[in-house]
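Engineer: Shown below is the structure under consideration.
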Amino acid sequence: MREQLVVVNFKTYETAHGIAAEKLALIMESIETDARMIAVVSAFDLSAVVSVAPNLEVWTQHLDPISFGSNTGWLHPETAIQRGAKGTLINHAEHKVSIEHIAMLLDTVPEGFTVCACAADIDEARALSALMPDYVAVEPPELIGGDISVTTADPEIVSSTARAIREISEEVGILCGAGVKNGNDVLKAIELGTSGVLLASGVTKVEDAAQALKDLISKI
5 MREQLVVVNF KTYETAHGIA AEKLALIMES IETDARMIAV VSAFDLSAVV SVAPNLEVWT
65 QHLDPISFGS NTGWLHPETA IQRGAKGTLI NHAEHKVSIE HIAMLLDTVP EGFTVCACAA
125 DIDEARALSA LMPDYVAVEP PELIGGDISV TTADPEIVSS TARAIREISE EVGILCGAGV
185 KNGNDVLKAI ELGTSGVLLA SGVTKVEDAA QALKDLISKI
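The working numbering applies: residue 5 is where the sequence shown begins, and numbers increase by one.
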């Protein structure tokens, strides 16, 4: 059985940036679970979050496939690694890039550094899985940030994406996201063929993040 992931994207929510990001990371670090708990933070918050929660796996939200040199405003993978990032999202619906960008990034990062490529639909998931990232996360853009989980609103896209990826590779992990809020959503995602979930507001915008996280892992 594949390891099960609960990936929390902090985005740039007011409740999950700066000092608030550090506090949320500490809460995530305190949760006892066999699942792989991951915080995905702004590049600005990366060093601070890694420092304050050293036992929590931390990813950054985006990277660019660049070398050292004149690259103002771009995010260098090696800098992220030196600052403690263990992985990255790429091609999130809120920060789309070309498939060439993703392929070059995969060639740039070292072995052991996790890359999770986000897909809006089955066709994009199929194309991304052919590049062999560590994970592909399917997230229908229209459901992101909503109150209804993709596992309820469109379970077929989750199960069909899982089948499509498995036709290409047994190695690429599968996540789903958009509207995921509770343990039942996570359990359903796993039943539909994923290794876990990519979520945000279900943890970052609630009053009691610890309780939300405990609920999310309660069925796995």
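Glycine residues also receive a C-beta, built at the ideal position from the N, C-alpha and C atoms.
Quick one: Cα of Val56 to Cα of Ser46, how far?
Structural biologist: The count along the sequence shown starts at 1 and reaches residue 56 at position 52. The count along the sequence shown starts at 1 and reaches residue 46 at position 42. Their backbone Cα atoms lie some 15 Å apart in a straight line.
Engineer: For the beta strand (DSSP E) containing Thr208, name the first residue and the last one.
Structural biologist: Numbered from its first residue, the sequence shown carries residue 208 at position 204. Counting along the chain, Thr208 falls outside any beta strand (DSSP E), though it belongs to the alpha helix (DSSP H) covering Ser205 to Thr208.
Engineer: Does the stretch 81-92 come within contact of the stretch 36-54, defined as at least 3 CB pairs closer than 8 Å?
Structural biologist: Yes, the stretch 81-92 is in contact with the stretch 36-54.
Engineer: In whole angstroms, give me the CA-to-CA distance for Glu155 and Ser163.
Structural biologist: Position 151 of the sequence shown, counted from the start, is the residue given in the question as residue 155. Position 159 of the sequence shown, counted from the start, is the residue given in the question as residue 163. It should be noted that the sequence gives Thr, not Glu, for residue 155. Cα-Cα distance, rounded: 9 Å.
Engineer: Between Leu67 and Asp219, what straight-line distance do the alpha-carbon atoms span, to the nearest angstrom?
Structural biologist: Indexing the sequence shown from 1 puts residue 67 at position 63. Indexing the sequence shown from 1 puts residue 219 at position 215. C-alpha separation (whole angstroms): 31 Å.
Engineer: Asn95 to Leu79, Cα distance in whole Å?
Structural biologist: For the purposes of this step, residue 95 is taken as the residue at position 91 of the sequence shown. For the purposes of this step, residue 79 is taken as the residue at position 75 of the sequence shown. Distance between the alpha carbons of Asn95 and Leu79: 14 Å.
Engineer: Locate the beta strand (DSSP E) running through Met41, then write down its first and last residues.
Structural biologist: Here residue 41 corresponds to residue number 37 of the sequence shown, with the count starting at 1. Note, Met41: beta strand (DSSP E), Arg40 to Val45.
Engineer: Give the secondary structure of Thr198 by DSSP, where H, G and I count as helix, E and B as strand, and everything else as coil.
Structural biologist: On the sequence shown, position 194 is the one that residue 198 refers to. Coil at Thr198, not helix or strand.
Engineer: Helix, strand or coil for Val140? Go by DSSP, reduced to three states.
Structural biologist: For the purposes of this step, residue 140 is taken as the residue at position 136 of the sequence shown. Strand.
Engineer: Using a Cβ-Cβ cutoff of less than 7 Å, which residues in the same chain neighbour Thr112 once the five nearest sequence positions on both sides are dropped?
Structural biologist: As a working note, residue 112 is residue 108 in the sequence shown. Around Thr112: Pro69 and Pro81.
Engineer: Can the beta-carbon of Leu217 be found less than 9 Å from the beta-carbon of Val201?
Structural biologist: Translated into positions along the sequence shown, residue 217 becomes position 213. Translated into positions along the sequence shown, residue 201 becomes position 197. No, the Cβ-Cβ distance between Leu217 and Val201 is not below 9 Å.
Engineer: If you drop the 5 nearest sequence neighbours on each side, which residues of the same chain put their C-beta closer than 8 Å to that of Ala124?
Structural biologist: Residue numbering aside, residue 124 sits at position 120 when the sequence shown is read from its first letter. Ala97, Val142, Glu143, Pro144 and Pro145, listed in sequence order.
Engineer: Tell me, please, which residues DSSP counts as bridged to Asn13.
Structural biologist: The residue given as residue 13 occupies position 9 in the sequence shown. DSSP, once it has assigned bridges, lists Val44 as partnering Asn13.
Engineer: With a cut-off of 8 Å on the beta carbons, I'd call Ile221 and Ile35 a contact; round off their distance for me.
Structural biologist: Walking along the sequence shown from the start, residue 221 turns up at place 217. Walking along the sequence shown from the start, residue 35 turns up at place 31. About 7 Å separates the two Cβ atoms, so the contact holds.
Engineer: Spatial neighbours of Thr165 within its chain, please: CB distance less than 6 Å, with the 5 preceding and 5 following residues excluded, ordered by chain position.
Structural biologist: Start at 1 with the first residue of the sequence shown, and residue 165 comes out as number 161. The answer, listed in chain order, is Ile126, Ala129 and Val142.
Engineer: Give the DSSP-derived three-state secondary structure of Thr37 in the structure shown.
Structural biologist: As a first step, residue 37 is located in the sequence shown; it is residue number 33 there, counting from the start. Residue state, collapsed to three classes: coil.
Engineer: How is Leu79 classed by DSSP in three states: helix, strand or coil?
Structural biologist: Residue 79 sits at position 75 when you count from the first residue of the sequence shown. Residue state, collapsed to three classes: coil.
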